[in-house]
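Number 467 in our numbering belongs to position 434 of the sequence shown; there are no gaps in the numbering.
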Amino acid sequence: MSQLSAANEMAESLRRYLEDSQLIPKDSKVLVGVSGGADSTCLLHLLHALGYEVVAAHLHHGQRAEGAEEQRKVRQFCESLGVAVVEGYADVPAIAKLHGIGVEEAGRRARYEFFEQAANRLGCELIATAHTRSDTAETVLFHLARGSGLSGVAGIPERRGTIVRPLLRFSRRQTIAYCQELGFEIAEDPSNKDLSLSRARIRHRVLPELEKAHPGAEASIARFAESARVDLEFLDSVAAAALDHCAQDPNGPLSFLTEDCEIVLARSRLLHLHESTLRRGTRMAVQALGGDLDQPLVSQLLQAIRTQPKASFTSLGGDVVVECEGGWVHFQKARIDTFDRQSIEAPGETESPLWNWRMEIREEAAPETQPRDSLTCWLDPSKVSNGLYARTLLPGERGQPLGFEGSRKLTDLIAEAKLTRAARKRIPVICDMIGPVWIPGVCLMDRAAARERIERSWRTFFGPYGSNNRRTAETTRPTET
């Protein structure tokens, strides 16, 4: 039997691995990010040769004059394989300036945004990027030098969501040899050799010296990263369980209104957590809302949780605000979007999936008494003027709640319900053409309430999008007054 060439051996190794791991199921349509370099050229050819349905994606970064020529060569290579290619353009320097980030980070964000949009448009279930074992070693050393925690030295994950990295078992030397053996023309980004950049110095100076001192250092570092990743997964699961234990629900049955924009934790429970779990858990809470904390910020936050009655922090990039006040530690998105005016079907069903609520109105007899602060009320349709709609609270707005004499400021009523700021911004005010009729979970206005068991009333339910309305309304109703 003739010995396999290096390229065939690499293809066979990848085939066996993908079959065993099912990292890429055989019936998947895969978007492959292709820069024109050795790694991505190798990946595209391998997946195509192994029979996967692939589409190439190339993003021009708007940084170098050679970018247009590299784009042409990628297109030409894809045509030679009979592989479709989608192309895009991003002004990476402008993105970096706009967001106050480095050009490398801006390029990374632009690429992944482009890949995700292209994959959605083309119906690709997975996005494959060409990171190798060499990238893992460089990443680990880079984060070690910066004093990163375990998450930094865990390297590059093989899968995150729809993104897969099939070449993490192979070195850059192998991808270059693959392309050379098959005669592929490959592009070289000059920034990869720019020694003013940390990653380039690690690639061309640090790793080669480590290999001289300890042959196989790159592979050893990658094994260390894999071991760290296994430990990280366990520690993350412990931290996630701890967050669930510490989670508070200050908005009660209205918590579904803000589950995408705030997390509230009990300070007393946080203080009983192990240092590692507390560090990991607080950072996970910020990340769940789209922000992040570096090690110094985590340390400052933990100190505040332990010693300061009141303190406030902002995440990196300003996306999340963390406030310690009293017995709570409150994580909240810095910007909380609110809904526009929305018509309500009466009777009928109204759904607002974007804001995670729905309303159902049915005709039935009214009860003898009305719950004051339930998610269910009974309206008298004869007292509703020209239909119903939902909107947010207006400044200075007043109304007379059921069971009260005279009007009151609605802001005071909502404040008395002790809702969080996020919930106060999100809670809908149900109105007719005269004004507010009902604030779910807060108060029903006297003028529109059904009375004396009238036969035709509107039983009105407000709850989370996708809920079983009748069962939820019955189980969340408080004692009637």
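Think of the CB as a built atom: it goes at the ideal place given N, C-alpha and C, for glycine as much as any other residue.
Since the model is a prediction, treat every value here as computed from it, not as a measurement.
Taking the DSSP output, what are the residues bridged to residue i?
i	result
SER345	GLU356
THR409	PHE494
GLN150	Partner(s): none; GLN150 has no beta bridge.
GLY66	ALA90
CYS464	TYR422, PRO469
GLU120	HIS91
ARG193	ILE196
TRP390	SER385, PRO497
GLU396	TRP491
VAL297	HIS363
ALA540	A query on residue 540 cannot be resolved here, the shown segment of the chain reaching from 34 to 514 and no further.
Which of helix, strand or coil does DSSP assign to residue i?
i	result
LEU131	helix
GLU488	coil
GLN365	strand
THR315	helix
LYS451	coil
LEU159	strand
ARG179	coil
GLN375	strand
LEU56	coil
GLU513	Interpretation of GLU513 is limited by its pLDDT of 31, a score under 50 that renders its predicted location unreliable; no figure is taken from the coordinates.
ILE219	coil
PRO434	strand
ARG441	strand
ALA482	strand
ALA187	coil
ALA101	helix
LEU306	coil
LEU477	strand
SER61	coil
TYR211	helix
GLN96	coil
GLY115	coil
With the cut-off set at 8 Å, would you say residue i and residue j are in Cβ contact?
i	j	result
LEU201	GLU191	yes
LEU221	GLY70	The sequence given here places Glu at residue 221; Leu does not occur at that position. Yes, Cβ-Cβ distance for GLU221 and GLY70 is below 8 Å.
GLY474	ARG391	no
ALA399	ARG480	no
ARG352	GLY314	Sequence inspection shows Asp at residue 352; the Arg mentioned does not correspond to that position. In this structure, GLY314 does not lie closer than 8 Å to ASP352 by Cβ.
HIS81	VAL88	no
GLY401	ARG454	Residue 401 is actually Glu in this sequence, not Gly. No, they are not a contact pair.
MET478	PRO414	no
LEU335	PHE346	no
THR409	PHE494	yes
ILE467	SER418	yes
TYR310	VAL355	Position check: residue 310 holds Thr in this sequence, whereas Tyr was assumed. For THR310 and VAL355, no; Cβs fall outside 8 Å.
GLY420	ALA379	yes
VAL197	ILE57	yes
GLU438	PRO469	no
TYR422	ILE472	no
ALA44	LEU79	yes
CB-CB under 6 Å to residue i, same chain, minus the five flanking residues each way: which ones, in chain order?
i	result
ARG492	ARG395, GLU397, TRP411
CYS279	LEU298, ALA299, ARG302, LEU303
ARG108	VAL118
GLU382	GLU393
LEU243	ALA250
ILE369	CYS294, ALA455, LYS458
ALA152	LEU64, ILE160
Leaving aside the five residues before and after residue i along the sequence, list all residues of the same chain whose C-beta is less than 7 Å from its C-beta, in chain order.
i	result
THR165	ASP72, LEU200, LEU201, PHE203, SER204, ARG205, THR208
GLY135	ALA129
Short of 8 Å in beta carbon distance, which residues of its chain neighbour residue i, apart from the five on each side in sequence? Order them along the chain.
i	result
ALA143	LEU92, HIS94, ALA123, VAL125, ILE128
LEU265	LEU183, SER184, ALA187
TYR85	ILE57, LYS59, SER61, VAL63
LEU51	ILE57, LEU83, PRO199
VAL116	LEU77, HIS81, VAL87, VAL88, ALA89
ALA39	GLN207, ALA210, TYR211, GLU214
Counting pairs of Cβ atoms below 8 Å between the segment 57-76 and the segment 196-210, do you hit three or more? Between the segment 57-76 and the segment 196-210, the count of Cβ pairs shorter than 8 Å is three or higher; the stretches touch.
With a cut-off of 8 Å, do at least 3 Cβ pairs link the segment 60-73 to the segment 157-165? With the cut-off at 8 Å, the segment 60-73 and the segment 157-165 touch.
Meets three-Cβ-pair contact criterion under 8 Å: the segment 415-435 and the segment 451-462: Contact between the segment 415-435 and the segment 451-462 is present: three or more C-beta pairs spanning the two stretches fall below 8 Å.
Any 3 or more C-beta pairs closer than 8 Å across the segment 252-267 and the segment 173-185: Two segments are said to touch when three or more pairs of C-beta atoms, one from each, lie closer than 8 Å; by this definition the segment 252-267 touches the segment 173-185.
Answer yes if the segment 315-334 comes into contact with the segment 360-378, meaning at least three C-beta pairs across the two stretches below 8 Å, and no otherwise. Touching, yes, given that three or more Cβ pairs across the two stretches are closer than 8 Å.
Counting pairs of Cβ atoms below 8 Å between the segment 282-291 and the segment 439-446, do you hit three or more? Fewer than three beta-carbon pairs drawn from the segment 282-291 and the segment 439-446 are found closer than 8 Å, and the two stretches are therefore not classed as touching.
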